[in-house]
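K.L.:
The sequence shown finishes on residue 244 if you use our numbering, and the numbering steps up by one all the way, no holes. Just so you know, even glycine gets a beta-carbon here, dropped at the ideal spot from N, CA and C.
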Amino acid sequence: MRPVILKDAKDMGAKAAELVIGDIKKKPDLVLGLAVGGTMISFYQSLVRLWKNKKCDFSHINTFNLDEYVGLSESDKRSFRYFMQRHFFSSVGVWQRNVHFLDGRAVNLNAECRNYEKKIKEVGGIDLQILGIGRNGHIGFNEPGSGFKSRTRKILLSEITLKDNARFFGNNVRKVPRRALTMGIGTILEARKIILLASGKKKAEIIHRALHGEVSEDVPASVLQKHKDVTFIFDKEASSELD
Ligand code: F6R
2 MRPVILKDAK DMGAKAAELV IGDIKKKPDL VLGLAVGGTM ISFYQSLVRL
52 WKNKKCDFSH INTFNLDEYV GLSESDKRSF RYFMQRHFFS SVGVWQRNVH
102 FLDGRAVNLN AECRNYEKKI KEVGGIDLQI LGIGRNGHIG FNEPGSGFKS
152 RTRKILLSEI TLKDNARFFG NNVRKVPRRA LTMGIGTILE ARKIILLASG
202 KKKAEIIHRA LHGEVSEDVP ASVLQKHKDV TFIFDKEASS ELD
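1) Grab the span of the alpha helix (DSSP H) containing Ile1 for me, first residue to last.
2) In terms of alpha-carbon separation, which member of Thr64, Lys11, Asn137 lies closest to Ala211?
3) Using alpha carbons as the reference points, say which of Val174, Val71, Lys237 lies closest to Arg106.
4) Alpha carbon to alpha carbon, what distance is there between Asp219 and Ile195?
5) According to DSSP, simplified to helix, strand and coil, what is Asp219?
6) Which class does Ala192 belong to by DSSP, given the choice of helix, strand or coil?
7) Val246 lies in the beta strand (DSSP E); which residues open and close that run?
8) Is the segment 100–118 touching the segment 174–185, taking contact as three or more C-beta pairs under 8 Å?
9) Would you say Ile134 touches the ligand F6R, meaning its beta carbon is less than 8 Å from a heavy atom?
10) Does the Cβ of Asp68 lie closer than 8 Å to at least one heavy atom of the ligand F6R?
11) Mind checking whether Leu163 and Val174 have CB atoms under 9 Å apart?
12) What would DSSP say about Asn143, mapped onto helix, strand or coil?
13) Compute the minimum distance between the beta carbon of Val37 and the heavy atoms of the ligand F6R, and state whether it is under 8 Å.
14) Rounded to the nearest angstrom, how far is the Cβ of Ala239 from that of Ile189, given a contact under 8 Å?
15) Kindly give me the distance between the Cβ atoms of Leu197 and Asp128, rounded to whole angstroms, as I take these residues to be in contact under 8 Å.
16) Classify Glu215 as buried or exposed, calling it buried when 16 or more other Cβ atoms lie within 10 Å of its own Cβ.
17) Between which two residues does the beta strand (DSSP E) carrying Thr64 extend?
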């Protein structure tokens, strides 16, 4: 579980992209789990650069995004689907039919979550899952207290997550949707391989707790200590409290 520690977000994005591309070369129909957020931007920039330089081919991959707000449509600039379109899918060749999102506007949200699990199973499970981490240790939108066996489901976002994500909602915490859909921790743990990225000083404390603290539902990311193939990629600031 030795972390890779790099200079900055740009280097982290390049490293993660290199690992993903390496796996796609070995398995062109790789099933890739994806995340959004500030940390992910340089990762998608690197993937797009590699694709434009013809260093990789995404035409056979399947993708599954981790989470989505309840109530936002894909044309809403604050939805995760919009983020992915803007930073990745609009620039590279991935078959739309192979791109999967949770629909936060589904009439029956429980059925939507069950169906997502079914689709993941149908393609043989996730080969490689990309994760970020919240300041409270969430992975996907699995907030503290989420069960380690939890599956894709509705979740109420914690105060700290609402506050952190208010920056995408005009800095107005009241505008951030309270509810989201997220792959569960059990779902994430079934990924054959995981890469977690974290950058910045504000993640340093939780990174220390996730890697060296007790494995506990209070810190959802701590469960990764039990996964057999996780690569942690940090910048210097995020790793500054590691021993
Ligand atoms: C989003 C997701 C979240 C983020 C986390 C970090 O798909 O899964 O767990 O990765 O909230 O977000 P940033 O990178 O904005 O700090």
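P.N.:
Taking the structure as given:
1) This structure cannot settle anything about residue 1, because the visible part of the chain is limited to 2 through 244.
2) Here the question's residue 211 lines up with position 210 in the sequence shown. For Ala211, the nearest C-alpha among the options comes from Asn137.
3) Reading the sequence shown from its first residue, position 105 is the one you call residue 106. When Val174, Val71, Lys237 are compared, the shortest CA-CA separation from Arg106 is found for Val71.
4) On the sequence shown, position 194 is the one that residue 195 refers to. On the sequence shown, position 218 is the one that residue 219 refers to. Each residue's Cα considered, the two are about 20 Å apart.
5) Position 218 of the sequence shown, counted from the start, is the residue given in the question as residue 219. Note: Asp219 maps to coil in three-state DSSP.
6) One-based indexing of the sequence shown puts residue 192 at position 191. The answer is coil: DSSP assigns Ala192 none of H, G, I, E or B.
7) No statement about residue 246 is possible, as the shown extent of the chain runs from 2 to 244 and does not include it.
8) yes
9) On the sequence shown, position 133 is the one that residue 134 refers to. Ile134 Cβ: within cutoff of the ligand F6R.
10) Residue numbering aside, residue 68 sits at position 67 when the sequence shown is read from its first letter. Within the cutoff, so yes.
11) As a position in the sequence shown, residue 163 is number 162, starting the count at 1. As a position in the sequence shown, residue 174 is number 173, starting the count at 1. In contact: Leu163 and Val174 (Cβ atoms closer than 9 Å).
12) As a working note, residue 143 is residue 142 in the sequence shown. The three-state secondary structure of Asn143, taken from DSSP, is strand.
13) Residue mapping note: residue 37 aligns to position 36 of the sequence shown, counting from 1. Result yes, Cβ under 8 Å from the ligand F6R.
14) What you label residue 239 is simply residue 238 of the sequence shown in a count that begins at 1. What you label residue 189 is simply residue 188 of the sequence shown in a count that begins at 1. Contact flag wrong, Cβ pair sits at about 20 Å.
15) Along the sequence shown, one-based indexing puts residue 197 at 196. Along the sequence shown, one-based indexing puts residue 128 at 127. No, Leu197 and Asp128 are not in contact; Cβ-Cβ is about 16 Å, not under 8 Å.
16) Taking the sequence shown and counting its residues from 1, one reaches residue 215 at position 214. Glu215 should be labelled exposed.
17) Counting from 1 along the sequence shown, the entry for residue 64 is found at position 63. From DSSP, the beta strand (DSSP E) with Thr64 extends over 63–66.
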